[in-house]
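For the sequence shown, counting from 1, position 298 maps to 298 in the UniProt record's numbering; every step adds exactly one. Note that beta-carbon positions come from the ideal geometry of N, C-alpha and C, so glycine has one too. These numbers come from a predicted model, not from an experiment. Report on the structure given below.
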Amino acid sequence: MGSVVVEQLTKDFSGVTVLQNINLNIQEGEFFALLGPSGCGKTTTMRCIAGFEKPTKGVIKIGDKNLNGLAPNERNCGMVFQSYALFPHMNVFDNVAYSLNIKRLKESNIFRKIGVYTRMINSKLAKYPKDIEKKVMDILEYVELTDHAKKLTSALSGGQQQRVALARALVMEPEVLLMDEPLSNLDQKLRHTMRNTIRQIQQDLKITTIFVTHDQEEAMSMADRVAVMKDGEILQIGTPTDLYSNPKSPFIADFVGTSNIIPGKVIDQENGLSVVQIGNQTVKSVATADKQEVQVIIRPENINVLNENSMEYDNSFDGEILFSTYLGSTVRYDIKVGDYTLTADTTYESGNHILKSGASVKLGVSPERVLLI
Ligand code: ATP
């Protein structure tokens, strides 16, 4: 399996720059996600790696092999698309066998002798040899589609079609698997199941995988590392926990999870804590910062709604419940604190009392949980 290196990748379309100096260093066997809002350049980055787009500038390598100038089929990348891109008139087996068979025909020079490729596929010469049959059946068993081998792909569910697409990519034993929003067409429940399936397959095969998504939960739950993109640039690369606990900008704090983001100003240092003015209140943070304007970032689960038994916090505020949203295992409160509305997530246990709109509450936040950007 190959590592993937992208250096200074820039892509212009008709003079408009859509990718600007993208640098990636993806390890062998890593599951790497490109995450960002629609139009930020995720697919274009992927298409440059796959060879469907020619970079305006930059170098792309798999291992030591420079891919510049190589056609898509010379790159040893498997590709899975959101739309599955299967042949609807072929059955599952034929879809998966297709590329293996074309490769065999090319290698055996049959193309040159007979010429017309479509006639070849239908002719007796295109019947599958035993090794291809075995390989296809093995991979179909692996993605649990053996019983569907003879069905037309158009007769399958979305999740089954996506597993055919995965099998078709994997059967070629690519060095790198590229997946472009592969779960976007599936319903919520199936998406969760397919996340686990894909992650399991990736871990079993240890195949270097690049996964494009605009869904932060998907990226965070599946990938070893995530690159967050915006407007054709990479803003931050890190493990999911890095990105969540140390976002480098308010955009990332908000895109990767939910966050309270409040403008403030560092006014003092007190016992090793930065004191930040927000509106007519102050909040203390362990983050060191000069006296300057900052954005105060507090994750909703780090705002504690206190009761008489709660511990004392260095930061405590009075608030008023605006809305409460019951989410099963948690309750999300929108709380008015001074001029700001904060979101707090609390664990819900059966029998708990859910606070009503208008209720007065005391909130506590630990300085360790207050980030300053
Ligand atoms: P989405 O999540 O919506 O698929 P994305 O992050 O994958 O978005 P891209 O599809 O890479 O974004 O597009 C990045 C930018 O490049 C967009 O502004 C898009 O309009 C532009 N773009 C992409 N392909 C072309 C093309 N062939 N010609 C001109 N502009 C293009």
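>> At the level of alpha carbons, what is the spacing between Leu125 and Ser38?
In response: Residue confidence is low: Leu125 scores 48 on pLDDT, short of 50, so the model does not pin down where it sits. Its coordinate-derived value is still stated next. One C-alpha to the other measures close to 45 Å.
> Tyr348: which of Ile207, Arg332, Arg199 sits nearest, CA to CA?
Replying inline: Arg332
>> Looking at Ile26: is its Cβ nearer than 8 Å to the Cβ of Thr208?
In response: In this structure, Thr208 lies closer than 8 Å to Ile26 by Cβ.
> What's the gap between the Cα of Arg369 and the Cα of Ser285?
Replying inline: 7 Å
>> Assuming Val228 and Phe255 are in contact, meaning their beta carbons sit under 8 Å apart, how far apart are those beta carbons, in whole angstroms?
In response: That pair is a contact at about 6 Å.
> Between Phe81 and the rest of its own chain, which residues show a CB-CB distance below 6 Å, the 5 nearest in sequence each way excluded?
Replying inline: Asp180
>> In the DSSP output, what is Tyr333 paired with across the bridge?
In response: Note: Tyr333 sits in a beta bridge opposite Ser324, Ala344.
>> So if DSSP puts Gly264 in a beta bridge, which residue, or which two residues, is it bridged to?
In response: Val294
>> So, for Arg195: in the same chain, excluding its five sequence neighbours on each side, which residues have a beta-carbon less than 8 Å away from its beta-carbon?
In response: Leu183, Glu218, Ser221, Met222
> Among Pro367, Val92, Ile237, Arg163, which one has its Cα closest to the Cα of Leu186?
Replying inline: Arg163
>> Could you tell me the alpha carbon to alpha carbon distance between Gln269 and Ile261, rounded to whole angstroms?
In response: 21 Å
>> Does Gly51 come out as helix, strand or coil in the three-state DSSP assignment?
In response: coil
>> Are there any heavy atoms of ligand 1 lying less than 7 Å away from the beta-carbon of Cys40, as far as the coordinates show?
In response: yes
> In terms of alpha-carbon separation, which member of Ala344, Leu70, Phe31, Lys42 lies closest to Lys230?
Replying inline: Nearest C-alpha to Lys230: Lys42.
> Just checking, does the region 129-146 make contact with the region 66-77 on the three C-beta pairs under 8 Å criterion?
Replying inline: no
> When we look at the beta-carbon of Glu293 and count the other beta-carbons within 10 Å, is it buried (16 or more) or exposed?
Replying inline: exposed
>> I need the straight-line Cα distance from Ala253 to Lys291, nearest angstrom please.
In response: 22 Å
> In whole angstroms, what separates the C-alpha of Arg104 from that of Leu140?
Replying inline: Spanning the two alpha carbons is a distance of roughly 20 Å.
>> Let me check you understand the geometry: is the CB of Val283 closer than 7 Å to at least one non-hydrogen atom of ligand 1?
In response: no
> Does ligand 1 have a heavy atom nearer than 7 Å to the CB of Val143?
Replying inline: no
> Cβ of Val365 versus every heavy atom of ligand 2: is any distance shorter than 7 Å?
Replying inline: Although ligand 2 was asked about, the structure shown includes only ligand 1 as ligands.
> In three-state DSSP terms, what is Gly351?
Replying inline: Of the three classes helix, strand and coil, the one that applies to Gly351 here is coil, per DSSP.
> Taking just the CA atoms, how far does Leu322 sit from Asp334?
Replying inline: 5 Å
> Should Ile303 be labelled buried (16 or more other beta-carbon atoms within 10 Å of its own) or exposed?
Replying inline: Counting the other CB atoms within 10 Å of its CB gives Ile303 a total of 16 or more, which places it among the buried residues.
> When DSSP labels each residue in this structure, what does Ile201 get in the three-state scheme?
Replying inline: helix
> Which one or two residues does DSSP pair with Leu145 in a beta bridge?
Replying inline: Within the DSSP secondary-structure output, Leu145 pairs in no beta bridge.
>> Tell me whether the region 307-315 and the region 340-357 touch, counting them as touching only if at least three CB pairs, one residue from each stretch, are closer than 8 Å.
In response: Contact fails: fewer than three Cβ-Cβ distances are below 8 Å.
> Does DSSP classify Leu125 as helix, strand or coil?
Replying inline: Note that Leu125 scores 48 on pLDDT, short of 50, meaning its location in the model is unreliable; the coordinates nonetheless yield the value given after this. It is helical.
>> What would DSSP say about Asn196, mapped onto helix, strand or coil?
In response: helix
>> For the alpha helix (DSSP H) containing residue 403, name the first residue and the last one.
In response: Lying before the first or after the last residue shown, residue 403 is absent from the chain, which here runs from 1 to 373.
> With 16 other CB atoms within 10 Å as the buried threshold, where does Ala85 fall?
Replying inline: exposed
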